[in-house]
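Engineer:
2 protein chains.
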Amino acid sequence: MDAEAIKRSLEDSGLRCTPQRYGVMAFLMKHTGHPTAVEILEAVNRLDPRSSRATTYNNLRDLVHAGLVREVAVEGRAARFDAKGMRHHHFICDRCGKVEDMEWYNVPRPASGSLGKRILRECELIVRGLCTKCAPRHTSSRGH
Amino acid sequence: MDAEAIKRSLEDSGLRCTPQRYGVMAFLMKHTGHPTAVEILEAVNRLDPRSSRATTYNNLRDLVHAGLVREVAVEGRAARFDAKGMRHHHFICDRCGKVEDMEWYNVPRPASGSLGKRILRECELIVRGLCTKCAPRHTSSRGH
DNA sequence: ATATCACATTAGATATAATCTAAATGTTTA
DNA sequence: TAAACATTTAGATTATATCTAATGTGATAT
């Protein structure tokens, strides 16, 4: 994990590299499991307990704004975050709400006719179903 | 608007056609603008003031569960709902959070290899950007 | 008819997620 | 250094959604 690279990417976006902000960014780059804001705060404070809830939310907002982090809203649950590294789609588990990355592939954009006067920024795929943990073990009969 | 059809679709899903539940369903079928739970409650009560917040959430949960209604989570805002009529994708405005339907077209599913042991239910496209109202008026120079 | 049972509804309490406030601290610039 | 600006903080507040316990409703059985 390249601390310098993180510092540079923050400063390129006009954000100071504070310990708290660095902590959020470094954690997101290392852990691709789409943590919630609270999970991020706890993880950052486990290493060095000096961040607060408000700061974590502030920094996540700033990082999303700067385009370094992506926010994924999940029905009925807390939002989840990931560092925008390699391009990928998302899989959301119907049962446990877990968000996982899916290998990137190109998706056809909507025809400009159906887009109208809207301005398109991005086009992402959300795949839904059951994650490996929540999928029934056997495809067979007695499964529940 | 075919009241009988709504009644039938509820009962086919094993849900009684109560006035409150009918109200939610009828409103969603008539208004395709992806209202929030609170907007739905207010609209239903404007016609006939006898539903409550809990009932609205209960009924929305049941309708989503039955597959008659879709819930769309939006970053930093209340969830939005629509009746599952014609198949469509979604456009979410970065600025105002409005959800709009986009004409349906087929999207390639992920390769079964990258899906692994996950069970796929659906595959939807989320298009992001600025809606017609939030897009700058002129493409020209002085735009803000 | 009335007892019963499952399903629905309700107001308000509670839980959860996220934002706001105002004061303090830290950093950069003039 | 002073002024300007950015950042952090604890706790209050707001927003969203769910839970609880009491009550209501409609179908069926007796």
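Residue numbers (our numbering), protein chains in the order written: chain A, 1410 to 1553; chain B, 1410 to 1553.
Note that CB positions come from ideal geometry on N, CA and C, so glycine has one too.
#1: So, is B/A1412 buried or exposed, given that buried needs 16 or more other C-beta atoms within 10 angstroms?
#2: Could you pull out every residue in the same chain whose Cβ sits closer than 7 angstroms to the Cβ of B/N1468, ignoring the five residues on either side in sequence?
#3: Answer with buried or exposed for A/H1498, where buried requires no fewer than 16 other C-beta atoms within 10 angstroms of its C-beta.
#4: Does A/D1503 come out as helix, strand or coil in the three-state DSSP assignment?
#5: Specify the secondary structure class of A/E1512 as computed by DSSP and reduced to three states.
#6: Looking at C-beta atoms only, is the number of pairs between the stretch 1495-1514 of chain B and the stretch 1453-1471 of chain B that lie closer than 8 angstroms three or more?
#7: Do you know whose CA, among A/R1530, A/S1422, A/M1438, lies nearest B/C1502's CA?
#8: Among residues of its own chain, excluding the 5 on either side of A/R1496, which ones have a beta-carbon nearer than 7 angstroms to its beta-carbon?
#9: So for A/E1484, helix, strand or coil by DSSP?
#10: So which residues of chain B does A/G1538 contact, with C-beta pairs closer than 8 angstroms?
#11: So, is A/C1532 buried or exposed, given that buried needs 16 or more other C-beta atoms within 10 angstroms?
#12: Can you name the start and end residues of the beta strand (DSSP E) that A/L1524 belongs to?
#13: Name the residue from B/P1545, B/R1537, B/R1546 whose alpha carbon lies nearest to the alpha carbon of A/E1480.
#14: Give me the Cα-Cα distance between A/R1489 and A/L1534, rounded to the nearest whole angstrom.
#15: Rounded to the nearest angstrom, what separates A/T1465 and B/T1441 at their Cα positions?
#16: Note down the Cα distance separating A/C1505 from A/T1541, rounded to an integer number of angstroms.
#17: Taking only the alpha-carbon atoms, compute the straight-line gap between A/S1523 and B/R1518 and give it to the nearest angstrom.
#18: Out of B/F1436, B/A1463, B/S1461, B/G1485, state which residue places its alpha-carbon closest to the alpha-carbon of B/V1478.
#19: Comparing alpha-carbon positions, which option in A/S1521, A/I1528, A/R1527, A/C1543 lies nearest B/G1525?
#20: Is there a Cβ from chain A that is less than 8 angstroms from the Cβ of B/L1617?
#21: Determine the contact status of A/A1520 and B/V1483, defining contact as a CB-CB distance below 8 angstroms.
#22: What separation, rounded to the nearest whole angstrom, lies between the Cα atoms of A/S1422 and B/E1420?
#23: If you run the structure through DSSP and keep just helix, strand and coil, what is A/G1538?
#24: Any C-beta of chain B within less than 9 angstroms: which residues of the stretch 1471-1485 of chain A qualify?
#25: Considering only the beta carbon of each residue, do A/A1487 and A/V1447 sit closer than 8 angstroms?
#26: Using DSSP with H/G/I as helix, E/B as strand and the rest coil, what is A/D1457?
Structural biologist: In this structure, then:
#1: exposed
#2: Q1429, R1430, V1433
#3: buried
#4: coil
#5: strand
#6: no
#7: A/R1530
#8: W1513
#9: coil
#10: R1527, I1528, L1529, R1530, E1531
#11: buried
#12: Per DSSP, A/L1524 belongs to no beta strand (DSSP E); it is in the alpha helix (DSSP H), 1521-1524.
#13: B/R1537
#14: 16 angstroms
#15: 36 angstroms
#16: 11 angstroms
#17: 22 angstroms
#18: B/F1436
#19: A/C1543
#20: Residue 1617 of chain B lies beyond the range of chain B shown here (1410 to 1553); nothing can be said about it.
#21: no
#22: 55 angstroms
#23: strand
#24: V1473, E1480, V1481, A1482, V1483, E1484, G1485
#25: yes
#26: coil
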